[in-house]
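Residue numbers (our numbering), protein chains in the order written: chain B, 1 to 590; chain L, 591 to 1109; chain Z, 1110 to 1261.
C-beta atoms are modelled at their ideal positions from N, C-alpha and C, and glycine is treated no differently.
Encoded as structure tokens, the structure appears first; notes follow it.
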Amino acid sequence: MSKMINLTVDGIEVQVPEGTAIISAAKKAGKNIPTLCYHPDLPATANCGVCVVEIEKSPLKRACCTPVWEGMNVTTNSHKLRELRKTLVELTLSNHDVVCPTCVQNGKCELQDLAYHLGIQASDLPSLLEKKPIDYSSPSIVRDPNKCINCGRCITVCAQTQTVFALTLDGRGFETMVTTSFDRGMANSPCVNCGQCTVYCPVGALREQTHIDSVWDALLDPDKYVIVQEAPAVRATLGEEFGMNPEEVTVGKMYAALRSMGFDRVFDTNFTADLTIMEEGMELINRVVTGGKLPVITSCSPGWIKFMETYFPCVAENVSTCKSPQQMFGTMIKTYFAEKEGIDPSKIVSVSIMPCTAKKFEAQRPEMRDSGFQDVDYVLTTRELIRMIEEAGLDFKNLPDEKADNLMGEYTGAATIFGATGGVMEAAVRTAYFVLAGKEMADLNLTPFRGMAGIKEANLVVPLKDGGELPLHVAVAHGLGNARKLMERVVAGEVFHFIEIMACPGGCVGGGGQPFGSSIADRARRGQSLYKEDAAAVKRTSHSNSEVMKAYADFLGEPNSHKAHQLLHTNYFERSKVTGDCVKAVTHKH
Amino acid sequence: MKFYRSHILIGIDDSSLAAGVKEIEALLRSELQKNNLSDEINILETGTLGLFGTGVSMTVFPEQVTYVNLTAADVPEIVSEHFLKGRPVTRLALKAPLKKHYDYNYKNRIVLANSGKINPEDIKDYLAAGGYEAWEKALLIMQPGEVVDEVKASGLRGRGGAGFPTGLKWSFTAPIKAEQKLFVINADEGEPGTFKDRLIMEGDPHKLLEGIMIGSYAVGATKAYIYIRGEYKLCIHRLEIAIKDAYEYGLLGNNIFDSGFDLDIYIKIGAGAYVCGEETALIESMEGNRGNPRSKPPFPGVQGAWQLPTVVNNVETIANVPAIITNGSEWYKGYGPDGCSGTKVFTIMGDVNLPGLCEVDMGTSLRTIIDEFGGGVKEGHQFKAALVGGAAGVFLPIERLDVNMDYNSLRNYAAVLGSGAILVMDERADIVDMLYSVIRFFRHESCGKCSPCANGNEMLYKLISKIRKGKGAPEDLYNMDKVAEAMFHSSFCALGQSLVMPIRSAIEHFKADFLKRIN
Amino acid sequence: MYEEIFKKYTPEKENLIYILHEIQDTHPQQYISEEAVEWVAEYLQIEPSHIFGVLTFYTMFSTKPRGKNIIRLCESPPCFLRGSEKMLKRLAQLLKVKAGETTSDGLFTLELCACLGVCGNAPVMMINEDVYGDLTEEKLDKIIASYTGGEK
């Protein structure tokens, strides 16, 4: 137990552990100190200065980075502090491209909120803004230096949480700008497109490369056959954005909204999540049984894949050859579905709704054209979907619950939990156990893989049909900083059989396409919602998905068949740490 | 040992180099050689002679004749007249007002006592001047705690600008148990108008080293770093020689004087960033990062470079330490007023007759420094203002000329001693222009980490530029004050906090200059 | 290609600034190229983006090719008071460039800098390693001529 410190905040006495920053202590006293740069998930950058508070017998101090001391007497609001904050916000606004009505952060922007709360009037300070070009180079992320307020969160999350090191500071003083090395653009940097920078950006200076217009164009074009898939994490998030109980999973209303917006078929990525388990589970079993390359590492997260290609190409052969569920879905739509329904695949526009910005990058990777076309045409983030629902004028909260369309709409609880960290591991173990032991697990809940610990490990013992036992050492990591730590252990030779990696903290529910400001607490709650839905599901194992079984029977053959390999598997490259460009292929397709 | 009839000390510093001292020195050598005087007359390169605006200068001992503004054409004459015939060339010697300035300047010196008198590139010269006696005394006779106490008792305060008591600073780090502690010298002298540290290092590098040794011993640091700005090439060169010699003489390294104490000194260079004078920014830079300041706490004394307890001191501060140890704290307190003991090196420049530097008692009046050491305001002009303490200083008007130059007296006028720079302006100077230049400097040097400073400086620059162009409005002055005030309260480090001083003082004392430009 | 330089320094981040100085000083165009950054990143095992951040922070480093001679004119208050603006004007006229630019013949890059610590001789500039003080317009003409005339 650390020592406790007593202090007063605006006359309210609080006790907090030694080392606590004033801003957290104030929160305990019910006082939210305004700030533009501090975020509770991240170490304080202490850049904006807005959080200064008065302390008895002391000069003003920043609340975010000043630890409390015994007997400290803090005042969080005063005439002086208000005037000071107003000046600081005025200064920030004077160097900000104030285009609130059309900004993606409108209504969520922390600068907008603070300016509004402080009642900032039209300033008589001159504008400092010198327009700089917007970086549209990346297929995933747009970087707009004209909105940037240099809070530093993006760099913290990119370098410290994710250890990607794409973003850095260029120059000094007023000219200091968040950018990539040599200002080459996001596309020519080690950026893995995870989009965590967009989630933590307080002002919309980092945002997704939007596909909204393209999707509306397709929807409004009678010649196009527009098909949509939605990732599991999306349904755990929409409710909170439409004023519903945030714990509610809104899958039925999501289908209804999509249909109402004009999608011709509404399927579900969960279908291919189950398919992924069949493919990946079988790959795992094969490698374990035949002495293949271990550990098998999951491949669902495109941010992780690019990270691996950049920083750990040495483990490429360990990574499952399975495409991600999004890409399996894309291929299956333009082959299996097109064949079944007799639709010309060139007329199909395949849209996915993802909690993810890296999926936009993944969709346009040159390998992802096994259907003969770009398998997935457009990727919308959760945030973009929300805007489209709003544009369509739908009363989301009161929409009827609908069902997904048949053929590629069925899913199991195992697929649902793909959206949370540990979910793929849990789903895979359920099916692998069934295949190896010849029976279902007695208890399908694998709680050691759940929750927000950065790296979760377990030793499993799977009974084999022939009476033997198979011990498995498995691990789950989420957030690329944790992935890096785990990979360093793998490279050092520690024995693992199966590893799940998700690029984003919390897994896909914490993805870079999720609502701005998604905190660690939000992510944990969304994950729990998915586990709740899984618990309530009738079918909870991927091998019990009848539409998946039908797809094998009618089209693919069996898991890991030649055709499955052709359509559902992929290969990897080594990439430059400087530019992110492919250097060479490190694995090859069968 | 060889005996010479005369020694010629040639001041080699950036100023004399700019005036072509090297060519003249070479010519002098060849002229002496031609006249077979090489064995009789010794040429020594030294640091500054304490004169500026006097081109190439040299002093001949024991005659104590100082020649100034030398050109190549003068050299044969000096050699034949002075060194062959023993008749100093009075035509070229230092004249009365300058001479007074020069002699005066040497009287009270502690940190610059040897500067201009010894060859900074020869450790023997420093030893002959009593060098390293303090180091021997501290290491062999005193306990580390006694050294800390002695420095504490001397009242020595940091000469880098903030004036924090040096002994107190040491006493925070000395008791910490750590595998390794560091002693760092801040030689990133970047305050405009300040070049005292450069002259100390160029003129007497061993004094700094000796101070470092004593300080390191006092706090228990076994590694010391001198962080020096990349532009100070000559300092770096001379320090490198001095460090090498100190190792050779067993003054550094392992088990120094069989005491069991180890110390290594390294040089780290900067690459052009004023903010690195801030101790945490300096530490970041030492580690190979952008020089953005860190949050305090943890303070460097507890957790500094590479997380190790790190004491950071200014060059001038530490150059005082050997004398304090040799002569005792009571002696040191004999200089300067209570609470601000010791001497201070001031640099005087701008519209004065003799720009240069002086080392005087703390508390000497501004008027004395300008008149006696700076040779007074330029002939035929009147004093208008002095920017005191560097760019992060205060514009003082004529009514403040009698202020005593020490930490406490200046505080009464909301002014600071800062780095000891005094920029004198006569009636021709326009304070709007000068403030513009000050703000432009800060705008250029703001690190960009914190928005109040980065945006604030840019805003101030915009506003002052507007006023300067004659397009100012009355509210611009109000806004400048408002922004500077916000920067003072919310900037992350002293860089952004300081600007309020020049701005307030300029507007308060020289409002007329502003109103002239405002519609 | 930078082995000679790397040999002198242990592969630790704290040597970054030293290494960058040396790479720049030995490059005929006195700058640090993208390629150099990659080499240094590889040698020190640090991220290129970190090096880029450091490189652009310090004014002594350049990421763009520069002239054979680098003129750094001090614009801090003491030099400003003694006429640095006039000197800048004169230099710009002589060299036909603005501050921050390189002459078309690649002979000079004109830069402005903060205090060089030679304020007793204000206004001051450095050309490469050499300091020139007490500048006047006439003196500038001569100094520049000494570089263009092949004397230096």
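Which of helix, strand or coil DSSP assigns to residue i
| i | result |
| --- | --- |
| Tyr594/L | coil |
| Ile988/L | helix |
| Tyr1241/Z | strand |
| Gly330/B | helix |
| Glu18/B | coil |
| Ile305/B | helix |
| Met732/L | coil |
| Ile855/L | strand |
| Arg1094/L | helix |
| Lys786/L | helix |
| Leu820/L | Here residue 820/L turns out to be Gly, not Leu, going by the sequence shown. Three-state result, Gly820/L: coil. |
| His796/L | helix |
| Ala458/B | strand |
| Asp1134/Z | helix |
Beta-carbon spacing of residue i, residue j below 8 Å
| i | j | result |
| --- | --- | --- |
| Ala503/B | Cys194/B | yes |
| Glu1220/Z | Ala1231/Z | no |
| Pro945/L | Gly1226/Z | no |
| Pro345/B | Phe312/B | no |
| Ile988/L | Ile960/L | no |
Closer than 8 Å to chain B by CB, residue i
| i | result |
| --- | --- |
| Cys930/L | no |
| Glu1210/Z | no |
| Glu1147/Z | yes |
| Pro890/L | no |
Contacts that residue i makes with chain B (C-beta to C-beta distance below 8 Å)
| i | result |
| --- | --- |
| Cys866/L | What Cys866/L touches in chain B: nothing, since even the nearest Cβ is about 11 Å away. |
| Glu1065/L | Asp124 |
Contact set between residue i and chain L, taken where Cβ atoms lie within less than 7 Å
| i | result |
| --- | --- |
| Ile1132/Z | Result: empty, since nearest Cβ-Cβ is about 12 Å, beyond 7 Å. |
Test: residue i CB closer than 8 Å to a CB of chain Z
| i | result |
| --- | --- |
| Phe785/L | yes |
| Asn994/L | no |
| Pro578/B | The residue asked about is misnamed: residue 578/B is Val in this sequence, not Pro. Taking Cβ atoms only, chain Z reaches closer than 8 Å to Val578/B, which makes this a yes. |
| Asn879/L | yes |
| Glu906/L | no |
| Ala1084/L | no |
| Met591/L | Any reading at Met591/L must be qualified, since the residue scores a pLDDT of 43, below 50, and its modelled position is unreliable; the value itself is stated next. No, Met591/L does not count as interfacial toward chain Z. |
| Thr76/B | no |
C-beta neighbour in chain L for residue i, strict 8 Å
| i | result |
| --- | --- |
| Gly119/B | no |
| Arg387/B | no |
| Gly204/B | no |
| Leu1182/Z | no |
Chain-ordered neighbours of residue i on chain B, where CB pairs are closer than 7 Å
| i | result |
| --- | --- |
| Phe1189/Z | Here the premise fails: no neighbours, minimum Cβ distance about 18 Å. |
| Phe1166/Z | Arg172 |
Partners in chain Z for residue i, counting only beta-carbon separations shorter than 9 Å
| i | result |
| --- | --- |
| Thr180/B | Ser1158 and Phe1161 |
Within chain L, partners of residue i - CB distance below 8 Å
| i | result |
| --- | --- |
| Phe1217/Z | Result: empty, since nearest Cβ-Cβ is about 18 Å, beyond 8 Å. |
| Ala1223/Z | Gly780, Pro782, Gly862, Tyr864, Phe1031, His1034 and Glu1035 |
beta-carbon residue i near the ligand COA non-hydrogen atom, thresh 7 Å
| i | result |
| --- | --- |
| Asp739/L | No copy of the ligand COA appears in this structure; indeed no ligand is present at all. |
Where residue i meets chain L, residues with beta-carbon distance less than 9 Å
| i | result |
| --- | --- |
| Met1110/Z | Near Met1110/Z there are no residues of chain L at all, since even the closest Cβ is about 21 Å away, more than 9 Å. |
Any contact between the stretch 1059-1076 of chain L and the stretch 1093-1106 of chain L? By contact I mean 3 or more CB pairs, one from each, below 8 Å. yes
Does the stretch 766-786 of chain L touch the stretch 727-742 of chain L, meaning 3 or more C-beta pairs lie closer than 8 Å? no
When the Cβ atoms of the stretch 152-168 of chain B are set against those of the stretch 253-269 of chain B, are three or more pairs found closer than 8 Å? no
Pairs of beta-carbons, one from the stretch 400-419 of chain B and one from the stretch 370-383 of chain B, closer than 8 Å: are there three or more? no
With contact counted as at least three CB pairs below 8 Å, one residue from each stretch, are the stretch 37-52 of chain B and the stretch 61-80 of chain B in contact? yes
Could you tell me whether the stretch 477-497 of chain B touches the stretch 433-446 of chain B, where touching means 3 or more Cβ pairs closer than 8 Å? no
With three or more beta-carbon pairs closer than 8 Å as the criterion, would you say the stretch 870-878 of chain L touches the stretch 1122-1129 of chain Z? yes
Touch check for the stretch 214-224 of chain B and the stretch 176-193 of chain B: three-plus C-beta pairs under 8 Å? no
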